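*Asks:* Before I ask anything, let me first share the structure, which is written out below as structure tokens.
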Amino acid sequence: MCGIVGYVGTKNIPGRAYFALDVVLEGLRRLEYRGYDSAGIAVLDEGKISFRKKAGKVAALDEVIAADPLPQAVVGIGHTRWATHGGPTDANAHPHVVDGGKLAVVHNGIIENFAELKTELAEKGYTFESETDTEVAATLLSDFMHGAGEGDLTESMRLTCNRLEGAFTLLALHTDFPDRIVAARRNSPLVIGLGEGENFLGSDVSGFIDYTKNAVEMANDQIVTITATSYDIIDFAGNKAQGKPFKVEWDAAAAEKGGFSSFMEKEIHDQPTAVRDTLMGRFDENGKLTLDELHIDETVLRSIDKIIVIACGTAAYAGMVARYAIEHWCRIPTEVELAHEFRYRDPIVNEKTLVVALSQSGETMDTLMAVRHAREQGAKVIAICNTNGSSIPRESDACLYTHAGPEIAVASTKAFLAQIAAVYLLGLYLAELRGNMFADEVHKILDELREIPEKIQKVIDNEDQVKELGRSMKDATSVLFLGRHVGFPVALEGALKLKEIAYLHAEGFAAGELKHGPIALVEEGQPVFIIVPSPGGRESLHSKVVSNIQEVRARGAITIVIAEEGDKAVEQFANHVIRIPESPSLMQPLLATVPLQLFAATVAESKGYDVDQPRNLAKSVTVE
């Protein structure tokens, strides 16, 4: 999430007709896929920082600059925002300029301890003009400049980074250092671009690919100081460090996709970060779980006696996963409804009903109308959404934002996993609030959740096996998916992905339903995916699904089994075994879904279809 560009050049270079403004704006346009809630730029020229920022897309920033031009400087930073802390407003847009106009900062990521730092800085007399964690980081950096950093921008950045918790990329300009940008990264992307008499910074190489293809990769927990002719890297302890030079082999279009063949493939690879970022910054200063926006009295939430999850498409399957977790942790009856059916069936909804609305875009008309209907009936509504400031969060009583970053491909991938992570947070929040779980029990599950991003990465690292399978099955006419418990909505999602982008008949079934009709579809050569529960979960579940594998295998099916590492019971009945790391049963959907996404994308690509923009579909369905 968020796109960042930095540029340091040299004045009066013969034949060079561009300045910092040109480079940064072009970089922001290419990085706009990372965020488009607001955009801004700051340039440093003749000892003064000049900046412009505006809510909306980069085009809105263009208009502001056209009306009020910036100087032709050779040092500048820019930012296109995907809102996290604070809505998409002019005030919350980056850069944040502090210290009487002497310091400008842009930021990508989430600073988890910003509330604690903000309180500390407020006690020192600092005031804040925005709702962002970024302004807190900028103010902290300014405080160090006047204190322990002894006026040195690089050292002050180092001290700042050692106080910050979470994920961040920070770029800073200061009037006392007019020839440089100082930048830092932790668990958030930053790449250095090398030119002749000019150097660049970008969230990824698309930020500067029009100007150079020579780049340097930075490691985690490193700080770089760039000038027009040099770059110096240190780690957060102050030790000298080295970057890893590389040549960008992609063209500009491919660079926006991170070198992947499609945005969908890139977004599949984004999933460890999407889940990690969704879990970040969820605690107040007392260690209590919080929501982003909460306008519901806690006594009301304690009195809830029914939960209805409303959503459409992929989000509805995330809701189905949520049902298993919420009922288990909170002991509240939970229903999952397609939003477009909910308001037309005269649902039983009252002031003791909590409605949870899931939407990636926050503009899904079916879900929005269902939200309005629920509130008219007296229910409280909590939105889980990936787009800050969109309609559904605005019309809800509370909101929990996923921090997956912009999802460009029509078929949802990283938003789905982020939604599951978010509804799990909601379930744990309610369980703790209502006394169903103690704080230590909540933290134990959260620790398990925090291990998931690394496990997702392990699944992605094994993608070649899945891609080979996808290519081999590009001529299949039908694929079936089976699952039990949380594996059932995973099966539904796997089937949906094939329908959406490969235009292939696919069906997902609860595995127990096989004998009640669907097994009639199984014939010789029929591909069947089976999502196998953990052997460490309910023993009966695992053994029953192994029996299901045998049932379809006996009728000639090609069995493709997704099973935990170490699960030997499936091997003799499987034509193909795709392994996922061990995890608690409720965490498995965050892992088992990933091979199905990769499979669908590979089949679609092998068929020559447009993976990102499948026929007849739109990213956000804004009509009923």
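Residue 14 is where the sequence shown starts when you use the numbering used here, and the numbers rise one by one after that.
Even glycine gets a Cβ: it sits at the ideal position worked out from N, Cα and C.
Everything numeric in this text was worked out from a predicted model, so none of it was measured.
Would you decide whether Val313 is buried or exposed? Buried here means 16 or more other CB atoms lie within 10 Å of its CB.
*Replies:* exposed
*Asks:* Tell me the residue span of the beta strand (DSSP E) that contains Thr426.
*Replies:* Element bounds for Thr426: n/a, residue is neither H nor E.
*Asks:* Could you check the C-alpha separation between Val362 and Tyr622 for me, to the nearest Å?
*Replies:* Cα to Cα, Val362 sits roughly 43 Å from Tyr622.
*Asks:* Taking buried to mean at least 16 other C-beta atoms within 10 Å of its own C-beta, is Tyr357 buried or exposed?
*Replies:* exposed
*Asks:* Could I get the ranges of all uninterrupted beta strand (DSSP E) runs contained in the stretch 239-269, with 3 residues as the minimum, in chain order?
*Replies:* 244-248, 257-260
*Asks:* Straight-line CA distance for Lys393 to Trp342?
*Replies:* 20 Å
*Asks:* When you compare the CB positions of Ala68 and Asp103, do they come within less than 9 Å of one another, or not?
*Replies:* Yes, the Cβ-Cβ distance between Ala68 and Asp103 is below 9 Å.
*Asks:* Ordered along the chain, which non-local residues of its own chain (more than five positions away) have a Cβ less than 6 Å from that of Gly91?
*Replies:* Cβ neighbours of Gly91 beyond the five flanking positions: Val18, Val37, Leu41, Ile54.
*Asks:* Rounded to the nearest angstrom, what separates Glu572 and Glu144 at their Cα positions?
*Replies:* For the sequence presented, residue 572 should be read as Thr rather than Glu. Computed Cα separation, rounded: 52 Å.
*Asks:* Count the other CB atoms, across all protein chains shown, that sit within 10 Å of the CB of Gln373; report buried if there are 16 or more and exposed otherwise.
*Replies:* Buried.
*Asks:* Exposed or buried, which one is Asn121 when buried takes at least 16 other CB atoms within 10 Å?
*Replies:* buried
*Asks:* What do you reckon, are the CB atoms on Val110 and Ile78 nearer than 9 Å?
*Replies:* Not in contact: Val110 and Ile78 (Cβ atoms no closer than 9 Å).
*Asks:* Please name the residue or residues paired with Tyr414 in a DSSP beta bridge.
*Replies:* Cys398
*Asks:* My parser needs the beta strand (DSSP E) runs of 3 or more residues fully inside the stretch 15-58; what are they?
*Replies:* 16-21, 51-58
*Asks:* Taking Ala613 as the reference, give the member of Lys581, Leu495, Glu481, Ser560 with the closest Cα.
*Replies:* Glu481
*Asks:* Report buried or exposed for His498, applying the criterion of at least 16 other Cβ atoms within 10 angstroms of its Cβ.
*Replies:* buried
*Asks:* If we ignore side chains and look at the alpha-carbon of each, how far apart do Arg463 and His456 end up?
*Replies:* 10 Å
*Asks:* For the alpha helix (DSSP H) that Ser169 lies in, which residues bound it at each end?
*Replies:* 166-174
*Asks:* Within 10 angstroms of its Cβ, does Ser560 collect 16 or more other Cβ (buried), or is it exposed?
*Replies:* exposed
*Asks:* Can you find at least 3 beta carbon pairs, one from the stretch 81-101 and one from the stretch 395-406, that sit closer than 8 Å?
*Replies:* yes
*Asks:* How about Arg407 and Ala265: are their beta carbons less than 9 Å apart?
*Replies:* no
*Asks:* Compute the Euclidean distance between the alpha carbons of Ser598 and Ser547, then round it to the nearest angstrom.
*Replies:* 6 Å
*Asks:* Would you kindly work out how many angstroms separate the C-alpha atoms of Val574 and Ala523, rounded to a whole number?
*Replies:* 15 Å
*Asks:* Could you say if the stretch 281-292 and the stretch 430-448 meet the contact criterion of at least three C-beta pairs nearer than 8 Å?
*Replies:* yes
*Asks:* Just to confirm my understanding: we take Ala331, look at its own chain, exclude 5 residues before and 5 after, and list those with CB closer than 8 Å. What are they?
*Replies:* Ala324, Leu371, Phe429, Gln432, Ile433, Val436, Pro502
*Asks:* Among residues of its own chain, excluding the 5 on either side of Lys131, which ones have a beta-carbon nearer than 6 Å to its beta-carbon?
*Replies:* Val149
*Asks:* If you drop the 5 nearest sequence neighbours on each side, which residues of the same chain put their C-beta closer than 6 Å to that of His386?
*Replies:* Arg356
*Asks:* With a threshold of 6 Å on Cβ separation, who are the neighbours of Asp580 within its own chain once the five nearest residues in sequence on each side are excluded?
*Replies:* Same-chain partners within the cutoff: Pro548.
*Asks:* Are the Cβ atoms of Asp50 and Pro101 separated by less than 9 Å?
*Replies:* yes
*Asks:* Could you check where the beta strand (DSSP E) with Gly206 kicks off and where it finishes?
*Replies:* 204-207
*Asks:* For Thr23, which residues of its own chain have a beta-carbon under 7 Å away from its beta-carbon, when the five flanking residues on both sides are left out?
*Replies:* Val87, Gly210, Glu211, Ala241
*Asks:* Please name the residue, chosen from Leu351, Ala33, Ala411, that lies closest to Met382 on a Cα-to-Cα basis.
*Replies:* Leu351
*Asks:* Is Ala387 helix, strand or coil by DSSP?
*Replies:* helix
*Asks:* By the 10 Å Cβ neighbour count, where 16 or more other Cβ atoms means buried, how is Leu287 classified, buried or exposed?
*Replies:* According to the sequence shown, residue 287 is Ala rather than Leu. Of the residues assessed, Ala287 falls on the buried side of the cut-off, its CB having 16 or more other CB atoms within 10 angstroms.
*Asks:* Less than 8 Å between the CB atoms is what I'm expecting for Val423 and Lys632, so what's the real figure, rounded?
*Replies:* 5 Å
*Asks:* Tell me the start and end of each unbroken alpha helix (DSSP H) in the stretch 490-561 that is at least 4 residues and wholly inside, in chain order.
*Replies:* List check, alpha helix (DSSP H) in window: 500-515.
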